[in-house]
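Below you'll find the structure, written out as structure tokens, and then a few comments.
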Amino acid sequence: MNEDDIICPCTGVTARDVMDAVKNGANTVEDIEAATSAGTVCGACIQDLEALLAKLKTK
Ligand code: FES
Numbered sequence: 155m156n157e158d159d160i161i162c163p164c165t166g167v168t169a170r171d172v173m174d175a176v177k178n179g180a181n182t183v184e185d186i187e188a189a190t191s192a193g194t195v196c197g198a199c200i201q202d203l204e205a206l207l208a209k210l211k212t213k
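The number in our numbering is simply the position in the sequence shown, starting from 1, with 154 added.
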């Protein structure tokens, strides 16, 4: 995945935005939602957020 890839089309939140949120302490999908608003519209990206979060946590 490219950092500029939009992970949540509803809000235009990119993978980088999610990475920044995790860097700043987001630890759950709910934290990412609160920090970026990704996942708060239709919810279709929740699985992608979970997958990205899991990947970031293993680093
Ligand atoms: S794609 Fe993320 S809330 Fe719709």
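Backbone N, C-alpha and C define an ideal beta-carbon position, used for all residues, glycine too.
Values in this document were obtained by computation on a predicted structure and should not be read as measured data.
*Any heavy atom of the ligand FES within a distance shorter than 8 Å of the CB on T182?*
Checking the Cβ of T182 against the ligand FES gives no.
*Within its chain, find whatever has a CB closer than 7 Å to the CB of C199; leave out the 5 residues flanking it on each side and keep chain order.*
Take C199, set aside five residues on each side of it, and the residues of its chain with a beta-carbon closer than 7 Å to its own are I161, C162, A192, G193, in chain order.
*Cβ-Cβ separation, A175 to D159 (assumed contact under 8 Å), whole Å*: At roughly 15 Å, the Cβ-Cβ gap does not stay under 8 Å, so D159 and A175 are not in contact.
*Report, in whole angstroms, the separation of the C-beta atoms of T204 and V183, which I expect to be a contact under 8 Å.*
The sequence given here places Glu at residue 204; Thr does not occur at that position. Yes, they are in contact, since the Cβ atoms of E204 and V183 sit about 6 Å apart, within 8 Å.
*Own chain partners of I186 with C-beta closer than 8 Å, once the 5 adjacent residues on each side are dropped*: Result list for I186: V172, A175, V176, A180, A192, G193, L203, L207, in chain order.
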